[in-house]
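S.K.: Dumping the structure here so I can ask a few things about it.
Numbering (the numbering used here), first residue to last: 632 to 916.
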């Protein structure tokens, strides 16, 4: 479904619609109040995400609020276009300056509630509708026509602290039949992309595959992926070690270990160093 280049990028990091929030906890209400606050805050906007095995990801912003203009990864590029409400209208993915995929977003009460993926290389169109609970991703319904019409769902699970700890894609609502299963462990520090405003949108563009960015606030220490899309099952386990954080809790360096297993090749291991540089800004919400 994806171009090969976009797939590599994903591996490298390795009632439907928006609904009114009900039954919000005090913590969620406080978070919403902070989100709507006009006071100034410090932001750490990633400039370069450098993986010793791959081309670096470079981030360019429209402003100091974390609104992206483009992301460049070697010969590949994400470009962002905004509507009159300063929301991302579309994200276009270019391969060698050729438009490959376009994502068009729809909003309800300033939250994305649907989007369409248009693959110009494979002539494929996928429509997504998003269900939220208390502002968080709950379910994503998608349908596409690739060798016949099909539809499926992604489901999200949060722990007792309202932190995303796993989600699965496919299999209807049967966890055991899911085509992709993601499980997270996080700590009290900040996720490297926490202050990027389009973090969730970038995650959504890879929801039916293996995303390179995740909709979490805290730093990921372990990530396990079970891939059951083929006859030969595959799994990946990523862990981050010796992480160095800045005074605000954003990761500057970590040693990333990767373990890959498939029914055919058995277990393979690898590791890489990750370095991240930021632009610190102080601006209004």
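Positions of the beta carbon are idealized from the N, C-alpha and C atoms, including for glycine.
(1) Comparing C-alpha positions only, which one of 790, 688 and 830 sits nearest to residue 718?
(2) May I have the straight-line CA-CA distance separating residue 887 from residue 854, to the nearest angstrom?
(3) State buried or exposed for residue 894, treating a residue as buried only when at least 16 other CB atoms are found within 10 Å of its CB.
(4) Please tell me whether residue 943 and residue 871 are closer than 8 Å, where the distance is taken between their beta carbons.
(5) Look up residue 857 in the DSSP assignment and give the residues it is bridged to.
(6) With a floor of 3 residues, list each beta strand (DSSP E) that falls wholly inside the segment 685-715, ordered by position along the chain.
(7) Would you mind giving the Cβ-Cβ distance between residue 731 and residue 751, rounded to the nearest angstrom? I have them listed as a contact below 8 Å.
(8) Can you have a look at residue 820 and say buried or exposed, based on whether 16 or more other CB atoms are within 10 angstroms of its CB?
(9) Can you tell which of 817, 842 and 836 has its C-alpha closest to the C-alpha of residue 874?
(10) By Cβ distance below 8 Å, which residues in the same chain neighbour residue 653 in space, the five residues on each side in sequence not counted?
(11) For residue 723 and residue 709, what's the separation of their Cα atoms in angstroms?
(12) Could you check where the alpha helix (DSSP H) with residue 724 kicks off and where it finishes?
(13) In this structure, how does DSSP classify residue 762 when only helix, strand and coil are distinguished?
(14) From residue 684 to residue 907, what distance separates their C-alpha atoms?
(15) Give me the DSSP bridge partner(s) of residue 786.
(16) Under 8 Å, do residue 676 and residue 845 count as touching if we go by C-beta distance?
(17) Thinking C-alpha only, which one of 738, 695, 812 and 815 is nearest residue 715?
(18) Using the Cα positions of residue 661 and residue 792, report the straight-line distance between them to the nearest angstrom.
(19) Candidates 755, 678, 799 and 774: which alpha carbon is nearest residue 768's?
(20) Between which two residues does the alpha helix (DSSP H) harbouring residue 887 extend?
(21) Can you find the residues in the same chain that come closer than 6 Å, C-beta to C-beta, to residue 825, ignoring five residues on each side of it along the sequence?
(22) DSSP three-state label for residue 831, please.
(23) Among 867, 881 and 699, which residue has its Cα nearest to the Cα of residue 815?
(24) Of the choices 673, 679 and 813, whose alpha-carbon is the least far from that of residue 787?
(25) Could you check where the beta strand (DSSP E) with residue 732 kicks off and where it finishes?
(26) Cα separation between residue 858 and residue 671?
(27) When you compare only the Cα positions, how much space is there between residue 692 and residue 679?
(28) Can you confirm whether residue 719, when its beta carbon is compared against all beta carbons of chain D, has any partner nearer than 8 Å?
(29) Could you tell me which of 760, 694 and 699 sits nearest to residue 747, measuring between CA atoms?
(30) Between which two residues does the beta strand (DSSP E) carrying residue 897 extend?
M.R.: To lay it out plainly:
(1) 830
(2) 11 Å
(3) exposed
(4) In the structure displayed, the chain extends from 632 to 916; residue 943 sits before or after that span and is not available.
(5) 812 and 866
(6) 688-692, 699-704 and 707-713
(7) 6 Å
(8) buried
(9) 817
(10) In this prediction, residue 653 has a pLDDT of 37, which is less than 50 and means its spatial position is unreliable; nothing more can be read from the coordinates.
(11) 6 Å
(12) From DSSP, residue 724 is part of no alpha helix (DSSP H) but of the beta strand (DSSP E) over 719-726.
(13) strand
(14) 14 Å
(15) 770 and 799
(16) no
(17) 738
(18) Low per-residue confidence applies at residue 661: pLDDT is 45, beneath 50, and the placement is therefore not dependable, though the value from the model is reported in the following sentence. Between residue 661 and residue 792, the C-alpha separation is close to 15 Å.
(19) 799
(20) No alpha helix (DSSP H) contains residue 887, which is instead part of the beta strand (DSSP E) from 882-893.
(21) 848
(22) helix
(23) 867
(24) 813
(25) 729-739
(26) 43 Å
(27) 12 Å
(28) Protein chain content of the structure displayed is limited to a single chain, and chain D is not contained in it.
(29) 760
(30) 897-915
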